[in-house]
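Enquirer: One rule links them: number in my numbering = place in the sequence shown (from 1) + 96.
From the three backbone atoms N, C-alpha and C, an ideal C-beta is built for every residue, glycine too.
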Amino acid sequence: MTRARDGARKRAATAQGLANTHSGTEIRVTTADDYMTRDQVAARWKLSPKTLSNWHHLGKGPRCFRLANGRYRYRTADVLAYEEHLLESA
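#1: Mind checking Leu-154: buried by the 16 CB within 10 Å criterion, or exposed?
#2: Measuring only the C-alpha atoms, how far is Asp-174 from His-181?
#3: Let me confirm a value: Gly-166 is counted as buried when at least 16 other C-beta atoms fall within 10 Å, else exposed. Which label applies?
#4: Roughly how many angstroms lie between the CA atoms of Glu-184 and Phe-161, to the nearest whole one?
#5: Could you tell me the boundaries of the beta strand (DSSP E) in which Arg-133 lies?
#6: Report buried or exposed for Arg-140, applying the criterion of at least 16 other Cβ atoms within 10 angstroms of its Cβ.
#7: Apart from the five residues on each side of it in sequence, which residues of its chain come closer than 6 Å, Cβ to Cβ, to Tyr-170?
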C-alpha cells in the first residue's frame, strides 16, 4: 500500500514539474516553454529587442540570464510577474 501511495505521489509531483533527487530534495524540472527569448518578450510588448537590452544594462525590466552562447533568456514567470507589477503600480 505504501509503495502505491509513493508511486502516486511521484507521478503527481512529476506532473507539477517536480522531481526527487537521490538526496530526497525536490528540484524543479523545466522545459523550453518556461523561458522566452529576448525577441519573444520584445514582440509581446511591441518593443525593440534593443530596448530590452538597454533595460537589462540599466537594471530595469524582468530578470534575465545569459546563456553560454551569449543569448539571453527570460523566465516566463518573471515576465508575467513584471507585467503584474506594472499593472499594480499604474
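Expert: This is what the structure gives:
#1: Taking the sequence shown and counting its residues from 1, the one referred to as residue 154 is at position 58. Around the beta carbon of Leu-154, fewer than 16 other beta carbons lie within 10 angstroms, which makes this residue exposed.
#2: The residue you call residue 174 lines up with position 78 of the sequence shown. The residue you call residue 181 lines up with position 85 of the sequence shown. Distance between the alpha carbons of Asp-174 and His-181 is about 10 Å.
#3: By one-based count along the sequence shown, residue 166 stands at place 70. Exposed, because fewer than 16 other Cβ atoms sit within 10 Å of the Cβ of Gly-166.
#4: On the sequence shown, residue 184 is found 88 positions in, with the first residue counted as 1. On the sequence shown, residue 161 is found 65 positions in, with the first residue counted as 1. Straight-line Cα distance between these residues: approximately 25 Å.
#5: In the sequence shown, residue 133 corresponds to position 37, counting from 1. Here residue 133 is Thr; the residue named in the question, Arg, does not match the sequence. In this chain, the beta strand (DSSP E) harbouring Thr-133 covers 131–133.
#6: Within the sequence shown, numbered from 1, the residue matching residue 140 stands at position 44. When all chains shown are included, Arg-140 counts as exposed.
#7: As a working note, residue 170 is residue 74 in the sequence shown. Excluding sequence neighbours, Tyr-170 sits near Met-132, Val-137, Pro-158 and Cys-160.
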